[in-house]
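*Asks:* Here it is, the structure, as structure tokens.
Residue numbers (our numbering), protein chains in the order written: chain A, 147 to 484; chain B, 17 to 341.
Here's what the structure looks like:
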């Protein structure tokens with residue numbers, strides 16, 4: 147494998163897209179890049195983009211691993227609601243947050259494990275297997291909160307959503323740590339290679355001695371774990387668990403972030419940092435639409451426009467058309483050189 | 017007994033048993049009034065689920081139906097209330113727009129070779145966004161056609177009412193059954209879901225069939241939107257949120273195989289009725305909260321996926337053994 151230099155990484159289209167979106171934001175709102183220091187933390191639109199984008203980025207980290215195995219996880223939004231509900235209900239009934247948080251994370255792990263069991267042992271298509279939890283999960287979350295919005299004033303749990311560490315908002319710190327740890331885990335060990343092998347061809351990977359089932363269980367559990375973290379952040383942010391709206395449609399944003407980051411939906415090729423960049427592109431667009439004074443309704447239209455553009459650019463047909471149209475002499479020239 | 021009909025039989029049996037159990041507990045549930053309300057309250061879901069059945073049999077998935085329903089209601093409302101068009105003209109325009117929307121999605125799926133799930137996801141964003149750009153607020157529809165339609169019904173024996181929208185749904189199901197099992201298009205859809213390459217080699221027009229399947233699904237979602245606007249007399253961009261999931265659940269519960277190539281439109285009808293039964297039971301009970309609907313439907317979905325696996329994994333090796341002997 148070729149090692150990539152920093153410049154070639156920064157020249158990727160995702161960074162160009164992020165820069166373009168931020169440039170447009172700057173044109174619309176000249177104070178976009180201004181960052182001020184106040185009350186021991188940074189403030190500014192840029193920090194806001196990072197902060198608001200953190201939950202989707204965290205979801206995207208987990209979903210990237212799932213998509214790399216040729217799967218998909220539609221249940222992450224519902225798992226966010228479940229973990230938020232578990233933490234909020236436990237804290238509001240007097241359990242200390244140091245116990246409630248690990249249990250909420252465990253709930254996410256269990257949800258992910260359940261998805262993994264459906265996919266590996268029952269051999270159900272990932273879309274459908276995770277659909278079950280997507281439909282039922284929100285109902286379970288409401289069962290936990292008993293249909294109401296459970297509010298709490300626990301300092302530790304709200305610190306996860308609104309606190310700051312080293313001047314950066316806590317969600318950003320969590321997302322950054324998670325990204326670095328996960329990237330190191332998949333790229334500095336053979337884990338990433340194994341995940342890609344399962345994504346390319348599950349039975350071939352099994353014949354090569356990879357325990358595909360264990361790996362898939364691990365990956366789906368990890369996605370559930372990430373969703374639980376995102377759920378805690380969202381719950382901590384509003385100091386309450388709203389089983390109806392926490393993480394609603396965020397699974398789609400997470401998948402979009404992964405696709406924007408260039409991870410192949412057909413499995414076998416993935417990049418966790420690029421998925422985080424994808425999440426930032428989405429959030430920068432959201433923020434841009436908000437500060438430009440357009441109604442937030444345009445958000446979905448713009449988002450769908452971006453997905454369509456990316457799909458067209460990524461499709462094999464478009465690649466052929468571009469190479470025929472703009473580089474017509476390359477293939478024959480190569481052949482003659484050989 | 018034909019093994020292929022087992023999932024359909026299982027669904028029907030579960031529906032009948034569940035209904036009997038519900039009637040034993042609440043005898044008043046056995047009335048044409050309740051049955052009539054089943055049909056009326058789930059009319060839009062049933063119509064959308066017919067389209068979803070075709071898409072799933074063809075081996076794809078359509079996540080945009082709920083958004084198309086929402087978009088259609090807003091479009092009808094704006095055309096009637098703001099542009100002053102007659103409702104039937106508004107219906108026609110909406111159907112043309114939704115059919116075109118589905119055709120574009122089908123073309124994107126076929127020609128760009130992108131998974132249907134991503135294309136229809138983009139379609140879902142586009143339709144929801146388009147609807148809220150047209151009008152973020154709910155628009156009430158006041159027109160004599162609407163009042164006439166909502167007032168007209170056929171009185172069933174026992175006091176039940178068969179409303180116009182319930183009749184539209186039943187018609188769509190009948191047409192869907194004929195289309196799936198008695199036309200060339202229907203067999204093309206089954207062939208495509210079985211194996212796209214073999215279908216193409218056998219001479220199935222893959223491009224045309226794919227585009228038509230998604231056109232059908234979006235058109236039916238448009239009809240569902242019309243029915244929804246008749247049902248609520250309003251157009252709202254967030255209406256029918258998550259109906260795509262209910263429709264997929266109805267299709268799966270109805271015994272259609274999610275990998276494509278196998279399924280029944282009639283089964284989808286039972287699937288929709290089963291969901292209606294769960295909702296009605298919860299209303300009758302009164303103490304159970306509405307979130308139980310989601311949990312029960314999720315549970316049913318899981319049960320039927322398991323059932324499909326058992327039926328199909330049990331039937332395949334047995335056939336092989338039969339051939340060997």
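Ideal Cβ placement from N, Cα and C applies to all residues, glycine included. As the structure is a computational prediction, the values presented were derived from the model and not from experiment.
Would residue 200(A) and residue 318(A) qualify as a contact pair, given that the criterion is a beta-carbon distance under 9 Å?
*Replies:* Taking 9 Å as the Cβ cut-off, residue 200(A) and residue 318(A) qualify as a contacting pair.
*Asks:* Grab the span of the alpha helix (DSSP H) containing residue 169(B) for me, first residue to last.
*Replies:* No alpha helix (DSSP H) contains residue 169(B), which is instead part of the beta strand (DSSP E) from 169-171.
*Asks:* Terminal residues of the continuous alpha helix (DSSP H) containing residue 189(A)?
*Replies:* Segment 187-189 is the beta strand (DSSP E) holding residue 189(A); no alpha helix (DSSP H) there.
*Asks:* If contacts are defined as beta-carbon pairs under 8 Å, then residue 23(B) and residue 271(B) qualify, I think. What distance do you get, rounded to the angstrom?
*Replies:* Yes, residue 23(B) and residue 271(B) are in contact; Cβ-Cβ is about 3 Å, under 8 Å.
*Asks:* Run through chain A and tell me which residues come within less than 9 Å of residue 224(B), C-beta to C-beta.
*Replies:* Per Cβ cutoff of 9 Å: no residues; residue 224(B) is ~18 Å from chain A at best.
*Asks:* Using three-state DSSP, classify residue 147(A) as helix, strand or coil.
*Replies:* In this prediction, residue 147(A) scores a pLDDT of 43, lower than 50, which makes its location untrustworthy; the coordinate-derived value is nonetheless stated afterwards. Looking at residue 147(A) - three-state DSSP - the assignment turns out to be coil, as it is neither helix nor strand.
*Asks:* Thinking just about the alpha-carbon of each residue, which of 326(B), 320(B), 325(B) is nearest to the one in residue 28(B)?
*Replies:* Among 326(B), 320(B), 325(B), the Cα nearest to that of residue 28(B) belongs to 320(B).
*Asks:* Please list, in chain order, the chain A residues whose beta carbon lies closer than 7 Å to that of residue 149(B).
*Replies:* Going along chain A in sequence order, the residues near residue 149(B) (Cβ under 7 Å) are 443, 444, 447.
*Asks:* Kindly indicate if chain B contains any beta-carbon less than 9 Å away from that of residue 393(A).
*Replies:* No, no contact with chain B.
*Asks:* From which residue to which residue does the beta strand (DSSP E) around residue 183(A) run?
*Replies:* Segment 182-184, the beta strand (DSSP E) holding residue 183(A).
*Asks:* Can a CB atom of chain A be found closer than 9 Å to the CB of residue 144(B)?
*Replies:* Output row for residue 144(B): interface = yes.
*Asks:* Any beta carbon of chain B sitting closer than 9 Å to that of residue 348(A)?
*Replies:* It does not: the Cβ of residue 348(A) has no partner Cβ on chain B nearer than 9 Å.
*Asks:* Given a cut-off of 9 Å, decide if residue 125(B) and residue 230(B) are closer than it, judged by their beta-carbon atoms.
*Replies:* Yes, the pair counts as a contact, with Cβ atoms nearer than the cut-off.
*Asks:* Checking 9 Å against the spacing of the C-beta atoms, do residue 278(A) and residue 221(A) come in under that value?
*Replies:* Contact flag set, yes.
*Asks:* If you count every other CB in all the chains shown that lies within 10 Å of the CB of residue 169(A), and 16 or more means buried, which is it?
*Replies:* Counting Cβ neighbours within 10 Å, residue 169(A) comes out exposed, since fewer than 16 surround it.
*Asks:* Look up residue 339(B) in the DSSP assignment and say whether it is helix, strand or coil.
*Replies:* At residue 339(B), the pLDDT of 40 sits below 50, so the modelled position is not reliable; the number obtained from the coordinates is stated separately. Three-state result, residue 339(B): helix.
*Asks:* Would you tell me roughly how many angstroms separate the C-alpha atoms of residue 334(A) and residue 109(B), rounded to the nearest one?
*Replies:* Spanning the two alpha carbons is a distance of roughly 58 Å.
*Asks:* Which residue marks the beginning of the alpha helix (DSSP H) containing residue 25(B), and which one marks its end?
*Replies:* Taken as a continuous stretch (DSSP letters only), the alpha helix (DSSP H) holding residue 25(B) covers 22-41.
*Asks:* Would you say residue 314(B) lies against chain A (beta-carbon separation less than 9 Å)?
*Replies:* Yes, because at least one Cβ of chain A sits closer than 9 Å to the Cβ of residue 314(B).
*Asks:* Which residues does DSSP pair with residue 178(B) in a beta bridge?
*Replies:* DSSP, once it has assigned bridges, lists 170(B) as partnering residue 178(B).
*Asks:* For chain B, is any of its Cβ atoms less than 9 Å away from the one on residue 283(A)?
*Replies:* So yes, residue 283(A) belongs to the interface.
*Asks:* Since residue 82(B) is in the alpha helix (DSSP H), which residue starts that stretch and which ends it?
*Replies:* It spans 81-97 - the alpha helix (DSSP H) in which residue 82(B) sits, taken as one unbroken run.
*Asks:* If you reduce the DSSP assignment to three classes, tell me which class residue 156(B) lands in.
*Replies:* Here residue 156(B) sits in strand by DSSP.
*Asks:* Could you compute how far the alpha carbon of residue 238(A) sits from the alpha carbon of residue 133(B)?
*Replies:* Approximately 40 Å, taken between the alpha carbons.
*Asks:* Would you list the residues sitting across from residue 296(A) in a DSSP beta bridge?
*Replies:* Its beta-bridge partners are 387(A).
*Asks:* Quick one: is residue 128(B) near chain A, going by C-beta distance under 9 Å?
*Replies:* With 9 Å as the cut-off, residue 128(B) counts as an interface residue toward chain A.
*Asks:* Does the stretch 440-450 of chain A come within contact of the stretch 140-160 of chain B, defined as at least 3 CB pairs closer than 8 Å?
*Replies:* Contact between the stretch 440-450 of chain A and the stretch 140-160 of chain B is present, because at least three Cβ pairs lie under 8 Å.
*Asks:* Residue 315(A): buried (16+ other C-beta within 10 angstroms of its C-beta) or exposed?
*Replies:* Classification for residue 315(A): buried.
*Asks:* When burial is assigned at 16 or more other CB atoms within 10 Å of the CB, is residue 158(B) buried or exposed?
*Replies:* The residue is exposed, with fewer than 16 neighbouring Cβ atoms inside 10 Å.
*Asks:* Are residue 181(A) and residue 321(A) touching if we call contact CB-CB under 9 Å?
*Replies:* Their beta carbons are not under 9 Å apart, which means residue 181(A) does not touch residue 321(A) by this criterion.
*Asks:* Helix, strand or coil for residue 355(A) per DSSP?
*Replies:* Residue 355(A): coil per DSSP, three-state reduction.
*Asks:* Quick one: which chain A residues come within Cβ less than 9 Å of residue 137(B)?
*Replies:* 398, 401, 402, 450, 453, listed in chain order.
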